[in-house]
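Enquirer:
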Amino acid sequence: MVLTWRAFQPSENRIIEAEASIDVNKHRNPENFSDQFARLAVMALRSPTDLLFRQRYICRAAMLETISGVPGMVGGMVLHCKSLRRVEHSGGWIKALMEEAENERMHLMTFMELSKPSWQERALVFTAQGMFMNAYFLLYVVSPRFAHRMAGYIREETIQSYTQLINDIDDGKVPNASAPDLAIDYWRLPIDATLRDVVMVIRADEIHHREINHFAADVYMQGHTLKEAPADMVTMTTSFGELLSNHSVLISVPFTARSHASTT
C-alpha cells in the first residue's frame, strides 16, 4: 500500500536533483572558539555511534536521524514562542525549521522500516533523543548561533556517513534492497527505486539542512536576527553556496522591502 503524503514534502519547496549536485564534501571551517567547540561537540557525539554500530549502517543511520530530528523542532518551537510573545514575524524560519524536523523524522521512519531495530536499540534511541533534546533546547535559548552551527556540523557528519553508505552499496558490501513504499511516496521516487536511490535523496536533504543551519549561524554571528534574512531566500534556491557567500547582501535589505518574503 502506497500512502498519499499531504504535507511537508521536499518537492514543495525545492528540487532535490539540483541540490544533490552540490559539493557533498563541503566543510565550514571554524572561525572562532564557539565554532571550534561546536565542531568538537559533534565529533564527541559521533564517536559512540561509530563504536556501537560499526558496519551496521542502517541502524547507525537510524541513530543519527534520532539526533538530527531535534534541532529543527527545537529551533522552530523557540521561534514560534518568540513570535507569539513579541507579536512579530519570523521571516519564514518557523516553517523552514519545522519542515526540517519533519523531513528528518521521515528519514528516521524510513530507516526504521529497513533496519527493524531490536527493543534494546529502540531504548537507546529513546534515551539519546531525550538527553539531546533537553541539552539542545538549553543551547538554543542561551546561544542560537552556537546551536545552528552545531546543527550544521551534525549535517556534515551525516552527509559523510551517507556517502560512505552509498560507496558500500556500490561495492556490494551492503545489499541494494528495494525502497520502502513510505520512501517512494514521500520523495516521489520511481516504483522500482532501491536503497541507493533513497540514500541519495536523504543525503540531498541533509545538504539542504547543512546550508540552512550554517547560514542561520552566520546571520547571528554578524549581529543580525533571522527575521532579517527570510528563510525563503535560502530554501527556494538551488545554489546555497552562492547564497552563503553573499548573505551580507541579503540581510542588508529591509524585511519589508522583500515582496516574496514569507510572513510565517
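Taking the working numbering, the leading residue of the sequence shown gets 193, the next gets one more, and so forth. For each residue, glycine too, the CB sits at the ideal point set by N, CA and C. Computed from a prediction, not measured in an experiment: that's the story for all the values here.
#1: Does the segment 326 to 341 come into contact with the segment 296 to 307, if we say contact requires no fewer than three beta-carbon pairs (one atom in each stretch) closer than 8 Å?
#2: Short check: CB of Glu-292 to CB of Ile-404, under 8 Å?
#3: With 16 other CB atoms within 10 Å as the buried threshold, where does Ser-431 fall?
#4: For Ile-351 versus Val-216, is the C-beta distance shorter than 8 Å?
#5: Does Ser-282 come out as helix, strand or coil in the three-state DSSP assignment?
#6: Keeping to the same chain, check which residues put their C-beta closer than 6 Å to that of Ala-343; ignore five residues upstream and five downstream.
#7: State the start and end residues of the unbroken alpha helix (DSSP H) segment that holds Gln-312.
#8: For Arg-341, I'd like the list of residues in its chain whose CB is within less than 6 Å of its CB, leaving aside the five on either flank, ordered along the chain.
#9: When the Cα atoms are used, what is the spatial distance from Val-270 to Leu-289?
#10: Report yes or no: do the segment 362 to 374 and the segment 232 to 244 share at least 3 C-beta pairs separated by less than 8 Å?
#11: Please classify Arg-402: is it buried, with 16 or more other beta-carbons within 10 angstroms of its beta-carbon, or exposed?
#12: Taking its Cβ as the centre, do 16 or more other Cβ atoms sit within 10 Å of Glu-349, making it buried, or is it exposed?
#13: For the alpha helix (DSSP H) that Glu-398 lies in, which residues bound it at each end?
#14: On a CA-only basis, which of Leu-276, Met-392 and Thr-302 is nearest Cys-251? Give me that one, please.
#15: Per DSSP, which one or two residues make a beta bridge with Ser-370?
#16: In terms of alpha-carbon separation, which member of Gly-415, Ser-282, Ala-315 and Asn-326 lies closest to Ala-254?
#17: Using 10 angstroms around the beta-carbon of Met-323, count the other beta-carbons present and answer buried if the total reaches 16, otherwise exposed.
#18: So, with DSSP's three-state summary, where would you put Asn-221?
#19: Taking the straight line between their C-alpha atoms, what separation do you get for Glu-420 and Trp-311?
#20: Residues in its own chain within less than 6 Å of Ile-361 by CB, not counting five upstream and five downstream?
#21: Among the residues of its own chain, which have a CB less than 7 Å from the CB of Glu-305, if the five just before and after it don't count?
Expert: Let me lay it out:
#1: no
#2: yes
#3: At Ser-431 the pLDDT is 35, less than 50, meaning the model places this residue with poor confidence; the figure from the coordinates comes in the next sentence. Exposed, by the Cβ-count rule.
#4: yes
#5: coil
#6: Pro-263 and Asn-405
#7: 311 to 334
#8: Asp-227, Ala-230 and Ala-409
#9: 10 Å
#10: no
#11: buried
#12: buried
#13: 387 to 413
#14: Thr-302
#15: Thr-386
#16: Ala-315
#17: exposed
#18: coil
#19: 45 Å
#20: Asn-368 and Arg-388
#21: Pro-372 and Leu-374
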